[in-house]
Amino acid sequence: MKSYLIYILLFLFLAAEGYHSQLVDNMECQAFGEEPFFDETFVRQNGIHVINGEIKTKGNLEVIKDPKLVSRYEFDSTGRLKMQYTSFNGGGNKDTTFINYIYDDAGNIITKRTNDAYGFFSYNYEYDEENRPILKTYCREENEGPSRYHFVLGKQYTIVKESYSYTKKDSVLIKSIYNNHNRIYQTDRYIYNNLDLLVRIESQYIINKKKAITEFTYTDIGKVASKIHYKDYNKKEDFEKWEYQYDELGNLSFIDYYKGEEHITHKEVLYDKSTFTLKALLVQDVASNFITIIKYSTSFFN
Numbered sequence: 005m006k007s008y009l010i011y012i013l014l015f016l017f018l019a020a021e022g023y024h025s026q027l028v029d030n031m032e033c034q035a036f037g038e039e040p041f042f043d044e045t046f047v048r049q050n051g052i053h054v055i056n057g058e059i060k061t062k063g064n065l066e067v068i069k070d071p072k073l074v075s076r077y078e079f080d081s082t083g084r085l086k087m088q089y090t091s092f093n094g095g096g097n098k099d100t101t102f103i104n105y106i107y108d109d110a111g112n113i114i115t116k117r118t119n120d121a122y123g124f125f126s127y128n129y130e131y132d133e134e135n136r137p138i139l140k141t142y143c144r145e146e147n148e149g150p151s152r153y154h155f156v157l158g159k160q161y162t163i164v165k166e167s168y169s170y171t172k173k174d175s176v177l178i179k180s181i182y183n184n185h186n187r188i189y190q191t192d193r194y195i196y197n198n199l200d201l202l203v204r205i206e207s208q209y210i211i212n213k214k215k216a217i218t219e220f221t222y223t224d225i226g227k228v229a230s231k232i233h234y235k236d237y238n239k240k241e242d243f244e245k246w247e248y249q250y251d252e253l254g255n256l257s258f259i260d261y262y263k264g265e266e267h268i269t270h271k272e273v274l275y276d277k278s279t280f281t282l283k284a285l286l287v288q289d290v291a292s293n294f295i296t297i298i299k300y301s302t303s304f305f306n
């Protein structure tokens, strides 16, 4: 696939091309999404405290613009991501989305809290002895803190609950999903290969029998090479696909996203060759050639 090294020539402020590190963990296909995707061991061993990102943009045949937007990742001393936030322009105004994570002693997320136009809300989880989620509760919340950055929980409103049970049959894990009235409405079948790698998820609604399928492929060293999702398996032409490429050390380099056969976005991850920390993320909207550049800097615990 095209290397897209032209990006580096376009954006000289990024300096020389960096190597790729194992800071980014993409085994759950969550890289640069709303779930934690950093390798906790790497973060902890290297004492990473904060990763700050400055967001710039470049339209097709335009100069680079600075909209004064930022992204930020904050970690605790164990290497866990405790907060991320990103600012954006919406409706002509600058706003920020915060995501906070609270963990139990086993490292499971027990609260994921974020905000929207109406305030804060959270997803709260309970787990079984095998660290599998058995209950998810959606809540709306009042913030009694001085700002959205310094959130203090006030009154919490429980909106809806969803519970889960599990059965294992050979290489297949079956997850049953129950609604707020404790009635099963969906089953998910997680199918693993002989190397214990997840290769397929089959999700089916009980009432209308609609089936969704997610399939995974892997590289020779066990990294996720692709993920393809069919929202309705009866309409196979309507799918989403993610393709991942890695460097010679097995570190994530490129992410390509498709809707059907249309190539939507291309992402390139750059790392600092001297510290193996994040250097930049380049995101190209393929149709318009609009590029978002996030230049990162890292600070460490003393």
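Quick note, the numbering used here runs 4 ahead of the 1-based positions in the sequence shown.
All C-beta atoms, glycine included, are put in the ideal place defined by N, C-alpha and C.
Please confirm whether residue i and residue j have their CB atoms less than 9 Å apart.
i	j	result
Ile55	Tyr77	yes
Ile232	Tyr248	no
Glu58	Ser278	no
Glu38	Gly111	no
Ile181	Tyr189	yes
Arg117	Phe92	no
Thr296	Leu286	yes
Lys165	Thr141	yes
Phe294	Gly63	yes
Lys263	Tyr237	no
Can you give me the C-alpha to C-alpha distance between residue i and residue j, rounded to a whole angstrom?
i	j	result
Asn306	Val47	14 Å
Leu65	Asp120	34 Å
Tyr23	Ala284	For Tyr23, the predicted model reports a pLDDT of 38, less than 50, meaning its position is unreliable; a value from the coordinates is still stated below. Distance between the alpha carbons of Tyr23 and Ala284 is about 11 Å.
Arg187	Tyr234	25 Å
Lys213	Asn128	29 Å
Asp132	Leu139	9 Å
Glu265	Phe220	17 Å
Leu199	Met31	14 Å
Glu252	Thr61	30 Å
Ile298	Tyr222	28 Å
Tyr196	Phe36	25 Å
Glu244	Ile217	11 Å
Glu241	Leu157	45 Å
Gly149	Glu134	35 Å
Thr82	Gln49	9 Å
Asp224	Tyr250	11 Å
Ile113	Tyr107	4 Å
Lys98	Ser126	23 Å
Asn104	Leu73	19 Å
Thr101	His53	20 Å
Arg152	Gly123	9 Å
Pro71	Lys173	53 Å
Thr115	Leu202	25 Å
Ends of the alpha helix (DSSP H) at residue i?
i	result
Thr45	44 to 49
Less than 7 Å between C-beta atoms, sequence neighbours within five positions excluded: which residues of the same chain meet that for residue i?
i	result
Tyr261	Trp246, Ile268, Thr269
Cys33	Val228, Lys231, Trp246
Asp29	Phe41, Phe42, Asp43
Thr162	Thr141, Cys143
Leu177	Tyr170, Tyr194
Ser175	Ile195, Tyr196
Specify, as a first and last residue, the run of the beta strand (DSSP E) that residue i falls within.
i	result
Asp289	282 to 289
Leu73	68 to 79
Lys116	113 to 120
Glu247	243 to 250
Met31	Counting along the chain, Met31 falls outside any beta strand (DSSP E), and DSSP gives it neither H nor E.
Phe294	294 to 304
Leu139	137 to 147
Phe258	256 to 263
His53	52 to 62
Val273	266 to 275
Ala229	228 to 234
Ile188	188 to 196
Output needed for residue i: all residues of its chain with C-beta closer than 6 Å, excluding positions within five of it in sequence on either side, in chain order.
i	result
Pro40	Leu85
Lys3	Because the chain is modelled from 5 through 306, residue 3 falls outside the range shown and cannot be assessed.
Ile68	Lys60, Lys62
Within the same chain, show all residues whose beta-carbon is closer than 8 Å to that of residue i, passing over the 5 residues directly before and after it, in chain order.
i	result
Lys159	Glu145, Glu146
Ile307	A query on residue 307 cannot be resolved here, the shown segment of the chain reaching from 5 to 306 and no further.
Is any non-hydrogen atom of the ligand FMN found closer than 8 Å to the C-beta of residue i, if you look at the structure I gave you?
i	result
Asp80	As for the ligand FMN, it is missing from this structure, which has no ligand bound.
Are the segment 202 to 214 and the segment 162 to 172 in contact at 8 Å, needing three or more beta carbon pairs? Put simply, the segment 202 to 214 does not touch the segment 162 to 172. Fewer than three CB pairs are less than 8 Å apart.
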